[in-house]
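Following: one structure in structure tokens, then a few remarks.
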Amino acid sequence: MVCISKGIEIIHLSLYLKDKKILIIGDLHLGLENSLIDQGILIPKSQFNTIKDNIKKILKESEVKKIIINGDIKHEFSRINKQEWNDVYSLIEFLKEYCDVEIVIGNHDYIMKQMLDSKGYKTSYFVIVNDIIILHGDFIPAEATTKKIVIIGHEHPSVLLREGSKNEKYKCFIKGKWKDKVLIVMPSFNPLSEGTDVLNEKFLSPFLQVSIENFEVFVVGDKIYNFGKIKNLV
Ligand SMILES: [Mn+2]
233 MVCISKGIEI IHLSLYLKDK KILIIGDLHL GLENSLIDQG ILIPKSQFNT IKDNIKKILK
293 ESEVKKIIIN GDIKHEFSRI NKQEWNDVYS LIEFLKEYCD VEIVIGNHDY IMKQMLDSKG
353 YKTSYFVIVN DIIILHGDFI PAEATTKKIV IIGHEHPSVL LREGSKNEKY KCFIKGKWKD
413 KVLIVMPSFN PLSEGTDVLN EKFLSPFLQV SIENFEVFVV GDKIYNFGKI KNLV
């Protein structure tokens, strides 16, 4: 467990708000494997169980009262297939056996919001916990400027590391400044999503249209590694 900001810990690919016992996981992109299979990429259909097992491990390690899914619970933008809805539904029902669940709507979720609401699930475009605002990051609501800490997903940050002749992408958290706030960007919780290399690729989020050279990188490997500032990695 590594502290990324006061009272906020990194556990595996999630964030834990210690005081309130809230766990935040981002960018599940359920259905991603189906979309890869549709594209002809051969992968085993194990994504759902892997995600569930990884969450179970975290829930065993820490006391969690509420889980916030920070956007993009599903992958496909334009349609909802049955498999995807089954996965979303059974994941939420699984989580609800352990704790409260709140779903932040990401840009991939707009068409599913109504279905989630009709099941009685709690959905919103941002969640505020004391001086923290948790949101997906595809747009900036006015409320984001009123809190000290902003936690977003959406970008799936990762970093490409070279070890000898081998290149490997590792998911990471990045932390820096947006206006006078602390901005934390979470990685995707989906094992199949490799992510955007923070050293070489352009970001989409309006929160990240700034220089990120002074952002700190926390790499998720067998444990969490603080790699220091991005400018020192290039
Ligand atoms: Mn997104």
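Here this note's numbering is used: the first residue of the sequence shown is 233, the next is one more, and so on. By construction, the Cβ of each residue, glycine as well, lies at the ideal position given by its N, Cα and C atoms.
Taking C-beta separations shorter than 8 angstroms and ignoring five residues to either side along the sequence, the partners of Leu465 in its chain run Val391, Leu431, Val449 and Phe459, following chain order. For His244, the shortest separation between its Cβ and any heavy atom of ligand 1 does not lie below 7 angstroms.
Distances between the C-beta of Asp304 and the heavy atoms of ligand 1 include at least one below 7 angstroms.
Under DSSP, the beta-bridge partners assigned to Ile383 are Ile366 and Ile416. Counting only runs of 4 or more residues that sit fully inside the stretch 315 to 359, the alpha helix (DSSP H) segments are 345 to 350, in chain order. At a cut-off of 7 angstroms, the beta-carbon of Asn339 counts as near ligand 1: some heavy atom of the ligand is closer than that.
Rounded to whole angstroms, Tyr330 and Gly396 show a C-alpha spacing of 43 angstroms. Distance from the Cα of Asp454 is smallest, within the candidate group Ser237, Gly239 and His244, for His244. Assigned with DSSP and collapsed to three states, Pro438 falls in helix. Under the 8 angstroms Cβ criterion, the stretch 316 to 326 counts as touching the stretch 257 to 272, having at least three qualifying pairs. Of the candidates Phe447, Ile301 and Ile287, Ile301 places its Cα closest to the Cα of His340. Beta-carbon to beta-carbon, Ile383 and Leu247 are separated by about 7 angstroms, close enough to satisfy the 8 angstroms threshold.
A distance criterion of 7 angstroms places the beta-carbon of His307 beyond contact range of ligand 1, judged by its closest non-hydrogen atom.
The beta carbon of Ile275 is closer than 8 angstroms to those of Glu265, Leu268, Ile269 and Leu424 in its chain, skipping five residues each way along the sequence. Less than 8 angstroms divides the Cβ of Pro438 from the Cβ of Ile372. Relative to ligand 1, the beta carbon of Asp454 is positioned no closer than 7 angstroms to any heavy atom. A distance below 6 angstroms between beta-carbons, with the five flanking residues on each side excluded, links Gly303 to the following residues of its chain, in chain order: Val336, Gly338, His368 and Gly385.
Annotation: the stretch 254 to 281 contains the following complete segments of the alpha helix (DSSP H) (minimum length 4 residues), in chain order: 264 to 270. Under DSSP, Asp429 takes part in a beta bridge, and its partners are Ser390. Here Glu448 carries a strand assignment [DSSP, helix/strand/coil].
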